[in-house]
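Take a look at the structure below.
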Amino acid sequence: MGFLQTLVDNKIIDDSSAKKIAQLAADKHGGDIEVALLASNVDPKEILKAKSAYYNFPSYELGETMPSDDVLKYISKDSAEHYKITPLAFKDNTLLVGILDPNNAQAADALQFISTKNGITFKLFIIGRKDYDNVMNAYQGISAAVGQAIDDFEDNTIDEKAVSDSINEVAQAVEQTKGNPSKASDSVKEDAPIIKIVAVIIRHAIEGSASDIHIENTGSQVKVRFRVDGTLHTSLMLPKKVYSGVVARIKILAKLRLDEKRKPQDGSFSAKIDNRKIDFRVSTMPSSNGEKVVIRILDKEKGVRSLEDIGFNDAHAKILRKAIKRPHGLILITGPTGSGKSTTIYALLQELDREGMNVVSLEDPVEYSIENVSQSQVMPEIGYTFAAGLRSILRQDPDVIMVGEIRDKETAQLAIQAALTGHLVLSTLHTNSSVGVIPRLIDMGVDPYLIAPTLIVSAAQRLVKRAAPDSIFEVPMDEGTKIMIEKEVADLPESMKAEFLSKDKMYEIRPSPSSPGGTKGRIAVCEMFEIDTEIEKVILDSPNEQDIYNAVRAKGMKTMKEDGIIKALDGKTPMQEIFAL
């Protein structure tokens, strides 16, 4: 009877009660003695004392203090339920963990994995069932709120067929309104639980500082993932029966056709959350298990960040600020999707004299509102492309033109012409490095003799995770890191190597109470160079990537990786982030 006997020995219960409780556990509680004891009104404190004595294991009582959200992040709710463990507190780089059954070898293995992954130690305590249940209830937020909505969904006996019928009804209304779902949605009353599920997902994505929401049907369940600081995390698993309703609700919000599931669709909507207007871009794409939905979150009221907030060092910020004071020319910020290019462009626009100049932008979409900037969103579906918009802007007497992205030959040539004819043009381009800009423009059909006199600055950037302030610990530099740094700066001018090679200390990023992963937010690492007469000559004579690189390197341009190394040595980002660049 396990620890039941300890209760008997301590005269908390008698033999007869012990036998009844054991039978009750077998008949009604899946063999769980502790649940049966609680159901029989045995004092939870006495139960915990008996468990601790029986297993010869230290016990832990939570009382009224529940673990914070930051502590709960160390162990997911699914893992806590599966292994019957709970995070209790975080002290001195040690996670205190409660466990119901100390003999659970799988739980111990899972905890070992969690501790290794997070670079922390853990300490186990036996806890009572009541405390365990209270901690599970403390996993508030998206799972709890959506779970309640799903319960309401089931309580209202709304099955998949009912949802399907509702969708068909909306689809018919769409047809009657000539394909305008915004009008159709007003005539169809949706099921409140589905509305709540979508609302809770969106709200928690915003509260969690997510940039995107991914919703996809895996076949057996519906996976909801949030992209936070550039990485996707599974935040929720929904039952398959709510999938069609959730997709339909999002489509109605985004004014998409409900009856079109065979081809991709794009739409958008806005919502006011906590008195902030937030825009959402919605993309749907057919897949083998139904449509996948991705929602991009554009929080315009977060405000435009400064160059320093983004992560530019003093030298890079000085180059950019000098460039935007030029009366004409082209400034290009490059990098892959999601590298923060638009954020940098916005920071530059914010520093312009927008009262004394006519500043106009072409964007897809308009992500942030900037005072005294005429911001226009392109709409390729009606022929209003970057190229078409650029032609119109040139008739608007602009001083500064921001082109969201140079995507094709026509836009590239128009941007160059605008820069040649007395306008300052800021834009972005997809290349892997700053020196790759020139070959890319040539590939687009721009002649080198036009690039040389117009391009002012070429910059490339990526985003890496930013170290949380209380997660930074100084440690001696290890030999492997030292060798990596020496190799990276081998071709830098000798006068610039000391900044990298003189250091014998570095920083280690560890988990902390405020940040289980040791990081919070992201910071830019970048490389850039100005075009001077020597670089112009290279562009005209030999505009290949290697020759351009050799020329700017000889002038001391640091690569993105080197900029990242400096930031890591200053404790601003984990060195592991830089290894991946």
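So in the working numbering, the last one in the sequence shown is 598, and the numbering has no gaps at all. C-beta: ideal position from N, C-alpha, C; glycine also.
Go to residue i, then tell me how far its beta strand (DSSP E) extends in each direction, as first and last residue.
| i | result |
| --- | --- |
| His-250 | 248-256 |
| Gln-282 | 282-290 |
| Ile-348 | 346-351 |
| Asp-276 | Run containing Asp-276: none; DSSP gives neither H nor E here. |
| Leu-105 | 102-108 |
| Glu-380 | 376-380 |
| Met-419 | 417-420 |
| Val-442 | 441-446 |
Who are residue i's beta bridge partners in DSSP?
| i | result |
| --- | --- |
| His-231 | Arg-242 and Val-311 |
| Val-542 | Arg-479 |
| Met-523 | Val-492 |
| Glu-547 | Val-474 |
| Tyr-466 | For Tyr-466, which the question treats as bridged, DSSP gives no partner whatsoever. |
| Met-302 | Lys-309 |
| Ala-484 | Thr-536 |
| Ile-116 | Ile-102 and Ile-143 |
| Lys-401 | It is Tyr, not Lys, that sits at residue 401 in the sequence shown. Paired residue(s): Met-396. |
| Thr-111 | Lys-108 and Thr-138 |
| Asp-296 | Ser-287 and Leu-315 |
Compare the beta carbon distance of residue i and residue j with 8 Å and say whether it is the shorter of the two.
| i | j | result |
| --- | --- | --- |
| Pro-591 | Lys-499 | no |
| Val-454 | Tyr-566 | no |
| Tyr-466 | Leu-349 | no |
| Thr-536 | Ala-485 | yes |
| Ser-285 | Ala-271 | yes |
| His-447 | His-345 | no |
| Ile-230 | Val-241 | yes |
| Tyr-524 | Glu-491 | yes |
| Ile-144 | Pro-75 | no |
| Leu-117 | Ala-67 | no |
| Leu-347 | Ala-469 | no |
| Pro-442 | Val-420 | The sequence given here places Val at residue 442; Pro does not occur at that position. Yes, Cβ-Cβ distance for Val-442 and Val-420 is below 8 Å. |
Taking the alpha-carbon positions, what's the residue i to residue j distance?
| i | j | result |
| --- | --- | --- |
| Lys-289 | Phe-297 | 11 Å |
| Ala-188 | Val-310 | Because the pLDDT at Ala-188 is just 44, under 50, the model does not fix this residue reliably, and the value given afterwards should be weighed accordingly. Going by the C-alpha atoms only, they are around 18 Å apart. |
| Asp-416 | Glu-368 | 14 Å |
| Ile-30 | Ser-69 | 17 Å |
| Asp-60 | Val-52 | 12 Å |
| Met-577 | Lys-584 | 11 Å |
| Lys-28 | Asn-58 | 15 Å |
| Ala-364 | Gly-357 | 11 Å |
| Val-376 | Val-463 | 25 Å |
| Cys-543 | Ala-476 | 7 Å |
| Ser-237 | Ile-102 | 26 Å |
| Asp-210 | Asp-283 | The sequence given here places Pro at residue 210; Asp does not occur at that position. Straight-line Cα distance between these residues: approximately 25 Å. |
| Ile-212 | Ser-33 | 52 Å |
| Lys-342 | Glu-372 | 15 Å |
| Ser-612 | Ile-582 | There is simply no residue 612 to check, as the chain begins at 18 and stops at 598 in what is shown. |
| Thr-111 | Asn-135 | 11 Å |
| Ile-489 | Gly-588 | 6 Å |
| Lys-206 | Lys-278 | Its pLDDT being 40, under 50, Lys-206 is placed unreliably by the model, and the measurement read from it follows with that caveat. So the alpha carbons of these two residues sit roughly 22 Å apart. |
| Thr-402 | Met-396 | 6 Å |
| Ser-359 | Thr-235 | 33 Å |
| Arg-412 | Glu-422 | 20 Å |
| Leu-598 | His-333 | 19 Å |
| Lys-257 | Ser-287 | 27 Å |
| Pro-382 | Thr-251 | 27 Å |
| His-599 | Leu-55 | Examination of residue 599 is not possible in this model, given that the chain is present from 18 through 598 alone. |
| Ala-127 | Asn-121 | 10 Å |
| Ala-106 | Pro-84 | 6 Å |
| Ala-515 | Ala-568 | 21 Å |
| Ala-541 | Asp-49 | 53 Å |
| Asp-208 | Phe-546 | With a pLDDT of 47 at Asp-208, under the threshold of 50, the modelled position of this residue cannot be trusted, and the question is left open. |
Hey, does residue i have any beta-carbon neighbour from chain C nearer than 8 Å?
| i | result |
| --- | --- |
| Ser-475 | Among the chains in the structure shown there is no chain C, since it carries only a single protein chain. |
Could you round the C-beta distance between residue i and residue j to whole angstroms and report it? I think they count as a contact, below 8 Å.
| i | j | result |
| --- | --- | --- |
| Ala-124 | Tyr-100 | 4 Å |
| Leu-366 | Ile-387 | 6 Å |
| Lys-520 | Met-494 | 6 Å |
| Ile-410 | Leu-458 | Not quite, the Cβ-Cβ distance comes to about 20 Å (not below 8 Å), so this is no contact. |
| Lys-94 | Tyr-156 | 4 Å |
| Arg-479 | Gly-352 | 6 Å |
Residue i lies in the alpha helix (DSSP H); which residues open and close that run?
| i | result |
| --- | --- |
| Glu-78 | Counting along the chain, Glu-78 falls outside any alpha helix (DSSP H), and DSSP gives it neither H nor E. |
| Gln-22 | 21-26 |
| Met-577 | 577-586 |
| Thr-428 | 426-437 |
| Tyr-91 | Neither: Tyr-91 is in no alpha helix (DSSP H) and is coded neither H nor E. |
| Val-454 | 454-460 |
| Lys-572 | That residue, Lys-572, is in no alpha helix (DSSP H); it is neither H nor E in DSSP. |
| Phe-517 | 511-518 |
| Glu-224 | 209-224 |
| Asp-372 | Looking at the sequence provided, one finds Glu at residue 372 rather than Asp. No alpha helix (DSSP H) holds Glu-372; DSSP gives it neither H nor E. |
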